[in-house]
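Counting from 1, position 197 in the sequence shown corresponds to residue 861 in our numbering; the numbering is continuous, with no gaps. Glycine is no exception: its CB is placed at the ideal position from the N, C-alpha and C atoms. Model, not experiment: these values are computed from the prediction. As structure tokens, the structure follows; a few thoughts come after it.
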Amino acid sequence: MKCDGFDGLTINPDRSRRIDLHMHSYYSDGRFSPTELLGKCKDSGLEIVSLTDHENVGGIDEALEAGEKLGIKVIPGIEFATEFQGQEHHIIGYFIDRNSQKLKEFLDKLKESKAEQIKEIIKNLQAFGFRVSFEEVASLAKGSLDRYHIVLTILPDHEKTLKGKEEHRDFFKKFLMEKSGGGEGLAFVERKKPDIRLIIDAIHESGGVAFWAHPFWRIKDGSIIRELAATFKKMKLNGIEVLYPYHSKDQSLLLHELGRDLLLYESAGSDFHREDTTIRQLANFQDFGIKINFPFCLKETR
Ligand SMILES: [Zn+2]
Ligand SMILES: [Zn+2]
Numbered sequence: 665m666k667c668d669g670f671d672g673l674t675i676n677p678d679r680s681r682r683i684d685l686h687m688h689s690y691y692s693d694g695r696f697s698p699t700e701l702l703g704k705c706k707d708s709g710l711e712i713v714s715l716t717d718h719e720n721v722g723g724i725d726e727a728l729e730a731g732e733k734l735g736i737k738v739i740p741g742i743e744f745a746t747e748f749q750g751q752e753h754h755i756i757g758y759f760i761d762r763n764s765q766k767l768k769e770f771l772d773k774l775k776e777s778k779a780e781q782i783k784e785i786i787k788n789l790q791a792f793g794f795r796v797s798f799e800e801v802a803s804l805a806k807g808s809l810d811r812y813h814i815v816l817t818i819l820p821d822h823e824k825t826l827k828g829k830e831e832h833r834d835f836f837k838k839f840l841m842e843k844s845g846g847g848e849g850l851a852f853v854e855r856k857k858p859d860i861r862l863i864i865d866a867i868h869e870s871g872g873v874a875f876w877a878h879p880f881w882r883i884k885d886g887s888i889i890r891e892l893a894a895t896f897k898k899m900k901l902n903g904i905e906v907l908y909p910y911h912s913k914d915q916s917l918l919l920h921e922l923g924r925d926l927l928l929y930e931s932a933g934s935d936f937h938r939e940d941t942t943i944r945q946l947a948n949f950q951d952f953g954i955k956i957n958f959p960f961c962l963k964e965t966r
């Protein structure tokens, strides 16, 4: 990976819209293949991106190859759902070694627990009268199995029209989204998530750096975010996602300040999955003039 154009470890604010370090392909719950996704990145004028599929690294080789052809730098990434004191937090690993045997074994275990969760959710949906089977849902997953594959099975045409996209959103909220996430969760079943420490360690063991993704996702109180960031830093967290479509100016500035105070790296990402009804679209985050400090040259300087 070449690091031309960057002043050491920082990126200039006027360039920040050309990076997007958080997106998903059909190797987790995204709509597109890594190749299609990189094509969209090119159309959006992106220069540096990271594929961060949930609990899966299956799309990274394809993304790297597509990136090379299109002149886009691709940073290998992965996103994990973790737990700390009963609360869910997402952690992204950047620069991970996707061929690490240890990581593979770790991901296989997570895959099993996700499959169990999906099986239970499907049972509940069947009780509501939906004609859907685990085999059918599992056959649609290219990498990690997700609730999205249930949507694909029940509403196969949901991408085609705005009405379809709204039906998708409503169905997801009513049946599949947990109450703590704002849904009704009528068919939802909780999955025990690994402790945040375990995930940070697993990322480090596979040569990566660990970032706290969208800190303001479930927590809205800045002082709690501040405390948690300090706690996670003690657990060897390396960075925080500062720029994100749902982060307000105040929230982004607070996270940027935390990056400086706690010596944490900073990242920016859209969390793009598909062209849906959300604002999580490629490169769709505001930078508010913030210069994020991301270790773009990490691998070269080691
Ligand atoms: Zn997330
Ligand atoms: Zn994500």
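Any non-hydrogen atom of ligand 1 closer than 8 angstroms to D725 Cβ: no
Alpha carbons only, please: which of Q950, I954, A866 is nearest the one belonging to E921? I954
Beta-carbon proximity of S808 to K856, cut-off 9 angstroms: no
With a threshold of 7 angstroms on Cβ separation, who are the neighbours of K843 within its own chain once the five nearest residues in sequence on each side are excluded? G849
Using only the alpha-carbon positions, how far apart do S797 and A851 sit? 14 angstroms
The beta strand (DSSP E) with A947 in it runs from where to where? Neither: A947 is in no beta strand (DSSP E) and is coded neither H nor E.
Looking only at its chain, what residues have a beta carbon closer than 8 angstroms to the beta carbon of L946, apart from the 5 residues adjacent to it on each side? D684, M687, K704, C705, S708, L710, S934, F936
Just the C-alpha distance for S697 and L816, rounded to the nearest angstrom, thanks. 15 angstroms
Give the DSSP bridge partners of K743, in chain order. The amino acid occupying residue 743 in the given sequence is Glu; Lys does not appear at that position. For E743, the beta-bridge partners assigned by DSSP are H718, I756.
Within 10 Å of its beta-carbon, does N763 have 16 or more other beta-carbons around it, so buried, or fewer, so exposed? exposed
CA-CA distance, M899 and D859? 11 angstroms
Between the alpha carbons of E854 and D717, how many angstroms are there, rounded? In this structure, the alpha-carbon of E854 lies about 20 angstroms from that of D717.
Given a cut-off of 9 angstroms on the beta-carbon distance, is the pair L819 and T941 in contact? no
Three-state class that DSSP yields for V815 in the structure shown: V815 carries a helical assignment under DSSP once its states are collapsed to helix, strand and coil.
Could you pull the DSSP bridge partners for L907 from this structure? A932
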